[in-house]
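Residue numbers (our numbering): 5 to 262.
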């Protein structure tokens, strides 16, 4: 689970739209939350402190272990501070300034590709709570199964494991569903699966990205592992993972494999 969340903000309204899910995760995980602003300009950092200090105070009043973090440098310097187990980077779906063109912009792609920890891209839809989670998986290799189960347990949300297959797949949907259940069972650590509502689902799609995005409709958080390899992520933090984050309406948690 997460012990330190770092929300990268450029002071734009769209970047601050990530605050509700950051707050919810910090409370659910009893984690520290840093509101992080990066700039080489002392004047810009001073203005950020003026804008962000009341937000940090409000988070603290809500019971969040929040703090303001001003980084002398750029986004890369802020990203470099999030390393090791328990770290999570959070960015808005779109933004301006340092995070201009979030998801599609070059700075956001750098955040996703350079991060040594999971990255959460806030969704376009209004955040109303963590009630339903969806985790997309392949049927081989490691996956974010235990992280998804832990988040579901911490938030009390339902959890759906999804596998998207192509029309060329020779196995039937029933066979794939059985394989998905077995794969999750093999990856799940003892005691990690108790307490939450879990469902399994398989679906056919011409495009794995489109299939995963479609499966995410109506959920509050989509969890995608680096290991969703052959169809979803071809290279380390490749374009397909970014496409999922770009097109999904809900927040997307991108998790590198161990």
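For glycine and all other residues, C-beta sits at the position ideal for the given N, C-alpha and C.
| Asked | Found |
| --- | --- |
| Would you mind working out which of 115, 58, 202 and 132 sits nearest residue 26, comparing C-alpha positions? | 132 |
| Counting pairs of Cβ atoms below 8 Å between the region 164 to 174 and the region 202 to 216, do you hit three or more? | yes |
| Short of 6 Å in beta carbon distance, which residues of its chain neighbour residue 73, apart from the five on each side in sequence? Order them along the chain. | 38 and 40 |
| For the alpha helix (DSSP H) that contains residue 61, what are its first and last residues? | 46 to 65 |
| Is residue 108 helix, strand or coil when you go by DSSP? | Legend: pLDDT at residue 108 = 43, less than 50; position of this residue unreliable, value from coordinates given subsequently. Coil. |
| Nearest to residue 128 by alpha carbon, out of 259, 226, 6 and 29? | 226 |
| For residue 40, list the residues DSSP reports as bridge partners. | 12 and 73 |
| Grab the span of the beta strand (DSSP E) containing residue 210 for me, first residue to last. | Element bounds for residue 210: n/a, residue is neither H nor E. |
| Among all the DSSP beta bridges, which residues are the ones paired with residue 91? | 8 |
| Apply the 10 Å Cβ neighbour rule to residue 84 and answer buried if 16 or more other Cβ atoms are within range, or exposed otherwise. | exposed |
| What first and last residue would you give for the alpha helix (DSSP H) that runs through residue 32? | 23 to 33 |
| Can you find the residues in the same chain that come closer than 7 Å, C-beta to C-beta, to residue 63, ignoring five residues on each side of it along the sequence? | 27, 37 and 70 |
| In angstroms with no decimal places, state the Cα-to-Cα distance between residue 160 and residue 29. | 12 Å |
| Tell me which residues share the same chain as residue 91 and place their Cβ nearer than 6 Å to its Cβ, disregarding the 5 neighbours each side in the sequence. | 8 and 121 |
| For a test of the three-state rule: what should DSSP assign to residue 234, helix, strand or coil? | In this prediction, residue 234 scores a pLDDT of 41, lower than 50, which makes its location untrustworthy; no coordinate-derived value is stated. |
| Please classify residue 267 as buried or exposed, where buried requires at least 16 neighbouring CB atoms within 10 angstroms. | With the chain covering only 5 through 262, there is no way to say anything about residue 267. |
| Starting from residue 189, trace the alpha helix (DSSP H) both ways and give me its first and last residue. | 177 to 191 |
| State yes or no: is the C-beta of residue 137 within less than 8 Å of the C-beta of residue 224? | yes |
| Rounded to the nearest angstrom, what separates residue 76 and residue 53 at their Cα positions? | 13 Å |
| In the region 108 to 182, which residue ranges form an unbroken beta strand (DSSP E) of at least 3 residues, counting only runs that do not cross its ends? | 123 to 125, 136 to 140 and 162 to 169 |
| Quick check on residue 96: buried or exposed, where buried means 16 or more other Cβ atoms within 10 Å of its Cβ? | buried |
| Look at residue 79 and residue 115 and say whether their C-beta atoms are less than 8 Å apart. | yes |
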